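>
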Amino acid sequence: MRNSGLTYDPKKDEINGIPEEMEFLPASNQKKLEKRSPKERMLLVGLIIGAALLSLMIGLLVWHFHFRPDNRIKKMYNGYLTITNKQFTEKLEDSESEAFKQLAATVEETLQNTYMGMDAVAPYYVRSTVSAFSEGSVIAYYWLECWVPPENAAELDAAIRATSLSISGRSHPGVSKSLRIAELVVDRADPQRVKPPKDKSCSFDLHAVPGKVGTFTSPGFPNSPYPSNAWCQWVIRADPQHILELNFVTFDLENICHNDFVVVYDSLSPIEQREITERCGMYPPTNAFKLISSRNVMLVTLMTDDDENYPGFKAEFRQLPKIKECNEVLEGSGNISSPYYPAYYPPRANCTWILRVAPSKHVKVTFNVFLLQNPDKDNICRDYVEINNKKICGEKPKMVELGNKNEMTVKFHSDGAESFRGFSAMFEPYDPSKPCPKKFACNNGRCVQLDLKCDGWNDCGDNSDEINCECSSDQFHCGTGLCKSMFWVCDGVNDCGDNSDEANCECAVDEMKCMNGKCIPEVQRCNLVDECGDRSDEQGCSEAENTVACTDYTYKCRDGSCIKKKNPECDGTRHCADGSDEQNCDCGTRPYKHSRIVGGMDAEIGEWPWQVSLHFKKLGSTCGASVISNNWLVSAAHCFQDFQGTRYSDPGHWVAYLGLHVQHKLSDRVVKENIKRIIVHEKYNPQMFDNDIALLELAHPVTFTSVIQPICLPDASHDFPVGKSTWVTGWGKTSESGPVATVLQKAEIRIIKRKVCDNLLSSAVTSHMLCAGYLSGGIDACQGDSGGPMSSVEENGKVFLAGIVSWGDGCARKNKPGVYTKVSNYRQWITQHSGV
Ligand code: ARG
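Just so we're aligned, residue 811 is where the sequence shown starts under the numbering used here, counting upward by one.
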């Protein structure tokens, strides 16, 4: 760099003894100066120098404090440490007590010494403050404040997090002689999530009362929604040697967790490492969640943003004696489950079960429910069940584990954060030479009915009942060695697994043949969906063209143009130039969050909010229906046919129950409404059940709620492909000769090719009908379900009304699937008569 006249040159200083810039007296004063004596001159020069130095210093200070961009930022950390050589007493709960102040001072001193002894922390360290104590032996929760230039912040974070490890040795230099510290956990306090320690607004201290259930709610609950920008916390304590159970009986927050959320900690420090769960959205009472702490404290925080305020939550809490050991030796047979099941398992639990059966037998464990934290990104199970030398985690369907001795050890471990529902299992002896008496032994340990072997259905779950089969004459021999019913050959579904049942098919005139031999409807060519499975139906299509010539199978936009995309309605992407495919999409959503545990037959509250129960006079629930708008329902025509003098066609005899879950249990969520008008399809054919559809107008419009919502109606072009899984729901008979259900039932079924169905059912299956179910039987709609919805979850999670329960040959019989009205055929008819 070139030296300019403005640059400070230290050499000049050395020569004159005064910095050049300090010679500020103008030359015109020369004469005055000359008149003075050398003494005076010396004094004056001294004064001038003094004044100059002083102003330089002031200037520097002013610059330092006001103008220099002091870019240090405040960083807060929080954490806790456990002290093993002190005993927790109730006095330590009270921050005003002498005991609290004394121990806090000792801990703060220890922390100060520790952090000041660390080169990476000392320059930025400001203070440590103990905020609370709890039992264990004594746990001290603290805040750490630092000021650091932003460029050093990451380094500081790392250094502080590293203290979690370094201090927990016995003899860290900073640790006060009087404290023995066993564990120290500390983390960055996210200013967006963590309430500053001094902020005591919306802060509550609760203590469980032995034998009593305590409650608390979000501010304003239930009379008004929670406030905007709320920053609330509840410190919950239990007596020593107890743990806490927290049950959110009502939970109704905004669905975007980024905006409004609740976090529950297994600690009084709001740190990620001790986060039991973070929640937002709405949970129905049938899916309420119960959380368990590992010690006698819990911290609940609620954070909300500035808009969309919901009712909030109501929580119940109580203390339970701490299960000291969940280690057990069990003999014969019995049940085991994660601690406190069906509540969420507590953090940091370790259990060991030794299961013993008679000497000649081996142990078999069947897990009926298995819901643990998923493995992390390195595929390591943080929470797990250890059995047969395997660590198992995540979510599993029914699972069997076989031992090879008469004794088996099962272990359960949970880490410090993120709890889930846990597991429930049963153990019993089995004879290794005859593992499944009078049943077929699957490779995965399950036992299935003997007649299910080689029936074309994967009953074991691992296909072992379907391999090495001699295919019967009415079965197809798959390339994979499986036998499949001839009905499945060339039905458009890859049943064999290797497509061999779909290769070499004679395609019908309106079908195209894929490269792999499969036949698909011609109209599915170039619809942007790979129906063939080898993309051959999507090759050679003009890429740029979005619009196509209109056919019965293309979606027509409001502007009259037709688009290539199949089932574009409300899929979350705009396909029509005029956006009409994404209009009127306030349908098919479930406000409540539901559990993912399948297999249950009882629906959850609000799981099917379009489901209606139609009661005829005093007969009770007679038919089902679906909400399609605030004043229209759709049902089956056959429900409203006069029969043996009973006037089913008279709207005055019907009552609709909306938002119902259990028959005859009219909670305040349920809306009872009269029917004003019944419109039966003019071409309904009572012999054939053809056009089995009817519209019902409600006497008054209803308000949509978390349990009352309209279902989306599929466009005329909407395709529910063969093999797609859908759900049928209702309060009908639970078996052909069984009683009707009181709790709404649900069943998962699959769409079956109409031609297959037509062959199986003696009555005709017309093009206005959809077939669905299982050829193995066992799962089906039944009497009383008629008129109810067959719901299909489509792209973007919206639920569409694929079908209406119409008829069947008995219920759930083998090779007799159920038949449903194909709703897409009636899209225009519905608009014509109801305006929906
Ligand atoms: N028609 C019956 C009713 O009135 C519904 C029959 C449905 N049957 C079946 N197997 N899917 O409720």
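For each residue, glycine too, the CB sits at the ideal point set by N, CA and C. None of these values were measured; they are calculated from a predicted model.
Cα separation between V1609 and I1518?
Here residue 1609 is taken as the residue at index 799 of the sequence shown, counted from 1. Here residue 1518 is taken as the residue at index 708 of the sequence shown, counted from 1. Going by the C-alpha atoms only, they are around 14 Å apart.
> Can you tell me whether H1474 is buried or exposed, with buried defined as 16 or more other CB within 10 angstroms of its CB?
As a working note, residue 1474 is residue 664 in the sequence shown. Label assigned to H1474: exposed.
> When every heavy atom of the ligand ARG is checked, does at least one fall within less than 7 Å of the C-beta of V1615?
Looking up residue 1615 in the sequence shown gives position 805. Yes, the beta carbon of V1615 sits closer than 7 Å to at least one heavy atom of the ligand ARG.
> Helix or strand or just coil, what does DSSP make of S1586?
Locating residue 1586 in the sequence shown gives position 776, counting from the first residue. Correct three-state label for S1586: coil.
> When the distance is taken between beta carbons, is I1489 closer than 8 Å to H1643?
Mapped onto the sequence shown, residue 1643 falls at position 833. Mapped onto the sequence shown, residue 1489 falls at position 679. A contact, by the Cβ cut-off of 8 Å.
> CB of C1621 to nearest heavy atom of the ligand ARG: below 7 Å?
Taking the sequence shown and counting its residues from 1, one reaches residue 1621 at position 811. Yes - the ligand ARG has a heavy atom lying nearer than 7 Å to the Cβ of C1621.
> Mind the definition here: the region 1055–1064 touches the region 1093–1112 only if three or more C-beta pairs lie below 8 Å; say whether that holds.
These segments touch.
> With 16 as the cutoff for other CB atoms within 10 Å, does F1453 come out buried or exposed?
The sequence position of residue 1453 within the sequence shown is 643, counting from 1. Classification for F1453: exposed.
> Is V1480 near G1540, with beta carbons less than 8 Å apart?
Position 670 of the sequence shown holds residue 1480. Position 730 of the sequence shown holds residue 1540. In this structure, G1540 does not lie closer than 8 Å to V1480 by Cβ.
> Select from L994, C1621, T916 and N962 the residue whose C-alpha is nearest the C-alpha of A932.
Here residue 932 refers to the residue found at position 122 of the sequence shown. Looking at the Cα atoms, N962 is the closest of the given residues.
> Taking S974 and V996 to be in contact with their CB atoms under 8 Å, please state how far apart those CB atoms are, rounded to whole angstroms.
Within the sequence shown, numbered from 1, the residue matching residue 974 stands at position 164. Within the sequence shown, numbered from 1, the residue matching residue 996 stands at position 186. With a Cβ gap of about 6 Å, S974 and V996 count as contacting.
> Note the first and the last residue of the continuous alpha helix (DSSP H) segment covering Q922.
In the sequence shown, residue 922 corresponds to position 112, counting from 1. Looking at the DSSP string, the run of the alpha helix (DSSP H) that includes Q922 is E908 to M926.
> Does the beta-carbon of H1448, which I'm using as the reference point, lie nearer than 7 Å to any heavy atom of the ligand NAD?
Among the ligands present in this structure, namely the ligand ARG, the ligand NAD is not found.
> What is the DSSP secondary structure of R998, counted as helix, strand or coil?
The sequence position of residue 998 within the sequence shown is 188, counting from 1. Note: R998 maps to strand in three-state DSSP.
> DSSP three-state call for H1463: helix, strand or coil?
Position 653 of the sequence shown, counted from the start, is the residue given in the question as residue 1463. DSSP places H1463 in helix when its eight states are reduced to three.
> Using the DSSP secondary-structure output, state which residues sit across from Q1519 in a beta bridge.
As a position in the sequence shown, residue 1519 is number 709, starting the count at 1. None; Q1519 has no bridge partner.
> Please determine whether the Cβ atom of C1592 lies at a distance below 7 Å from any heavy atom of the ligand ARG.
Counting from 1 along the sequence shown, the entry for residue 1592 is found at position 782. Yes, the ligand ARG has a heavy atom inside 7 Å of this Cβ.
> Roughly how many whole angstroms lie between the Cα atoms of F834 and P959?
Here the question's residue 834 lines up with position 24 in the sequence shown. Here the question's residue 959 lines up with position 149 in the sequence shown. Bear in mind that a pLDDT of 36 at F834, under 50, signals an unreliable position, so the number given afterwards is only what the model happens to contain. Their Cα atoms are separated by approximately 38 Å.
> Would the C-beta of S1596 count as close to the ligand ARG, meaning under 7 Å from any of its heavy atoms?
As a first step, residue 1596 is located in the sequence shown; it is residue number 786 there, counting from the start. Yes - the ligand ARG has a heavy atom lying nearer than 7 Å to the Cβ of S1596.
> Out of curiosity, what's the CA-to-CA distance linking G1350 and C1372?
Counting from 1 along the sequence shown, the entry for residue 1350 is found at position 540. Counting from 1 along the sequence shown, the entry for residue 1372 is found at position 562. The alpha-carbon atoms of G1350 and C1372 are separated by roughly 19 Å.
> Looking only at C-alpha atoms, which of L1109, E1085 and G1271 sits nearest to A1251?
If you number the sequence shown from 1, residue 1251 lands on position 441. Nearest option by C-alpha distance: G1271.
> Figure out for me which residue from P1095, Y1155, I1053 and N1069 has the closest Cα to the Cα of Y1120.
Here the question's residue 1120 lines up with position 310 in the sequence shown. Among P1095, Y1155, I1053 and N1069, the Cα nearest to that of Y1120 belongs to N1069.
> Tell me, which residues are paired with A942 by DSSP?
Working through the sequence shown from its first residue, we reach residue 942 at position 132. Paired residues: Y951.
> With a threshold of 8 Å on Cβ separation, who are the neighbours of V1605 within its own chain once the five nearest residues in sequence on each side are excluded?
Working through the sequence shown from its first residue, we reach residue 1605 at position 795. In the sequence on display, residue 1605 carries Glu and not Val. N1377, D1381 and G1382, listed in sequence order.
> Indicate whether the contact test is met: 3 or more Cβ pairs, each with one atom in the region 1494–1511 and one in the region 1522–1535, closer than 8 Å.
No, they do not touch.
> Looking only at C-alpha atoms, which of V1195, L1505, T1290 and D1529 sits nearest to V1437?
Here residue 1437 refers to the residue found at position 627 when the sequence shown is read from its first residue. With distances taken between Cα atoms, V1437 lies closest to L1505.
> Going by DSSP in three states, W1420 sits in which element: helix, strand or coil?
Counted from its first residue, the sequence shown places residue 1420 at position 610. W1420 falls in the coil class under three-state DSSP.
> Measuring only from the beta carbon, is D1628 closer than 7 Å to any heavy atom that is part of the ligand ARG?
Position 818 of the sequence shown holds residue 1628. Inspection of the sequence shows that residue 1628 is occupied by Gly rather than by Asp. At least one heavy atom of the ligand ARG is nearer than 7 Å to the Cβ of G1628, so yes.
> Where V1538 and T1219 are concerned, what is the direct C-alpha to C-alpha distance, given to the nearest angstrom?
Locating residue 1538 in the sequence shown gives position 728, counting from the first residue. Locating residue 1219 in the sequence shown gives position 409, counting from the first residue. Computed Cα separation, rounded: 41 Å.
> Taking the CB atoms as reference points, tell me whether E1321 and I1330 lie closer together than 8 Å.
Reading the sequence shown from its first residue, position 511 is the one you call residue 1321. Reading the sequence shown from its first residue, position 520 is the one you call residue 1330. A contact, by the Cβ cut-off of 8 Å.
> Roughly how many angstroms lie between the CA atoms of R1335 and T1364, to the nearest whole one?
To locate residue 1335, count along the sequence shown from 1; it is residue 525. To locate residue 1364, count along the sequence shown from 1; it is residue 554. In a straight line, the C-alpha of R1335 is about 11 Å away from that of T1364.
> What are the boundary residues of the alpha helix (DSSP H) that H1643 is part of?
Taking the sequence shown and counting its residues from 1, one reaches residue 1643 at position 833. Unbroken alpha helix (DSSP H) run through H1643: R1637 to S1644.
> For E1217 and A1159, what's the separation of their Cα atoms in angstroms?
If you number the sequence shown from 1, residue 1217 lands on position 407. If you number the sequence shown from 1, residue 1159 lands on position 349. If you take the alpha carbons of E1217 and A1159, they lie about 23 Å apart.
> If you draw a straight line from the alpha carbon of L1476 to that of P1599, how long is it in whole angstroms?
Here residue 1476 is taken as the residue at index 666 of the sequence shown, counted from 1. Here residue 1599 is taken as the residue at index 789 of the sequence shown, counted from 1. So the alpha carbons of these two residues sit roughly 21 Å apart.
> Please name the residue in K896, R971, M852 and S905 whose C-alpha comes closest to that of Y887.
The residue you call residue 887 lines up with position 77 of the sequence shown. Ranking K896, R971, M852 and S905 by Cα distance to Y887 puts R971 first.
> Using CA coordinates, which residue listed in K1328, E1332, E1312 and S1310 is at the minimum distance from V1319?
Walking along the sequence shown from the start, residue 1319 turns up at place 509. Nearest C-alpha to V1319: E1332.
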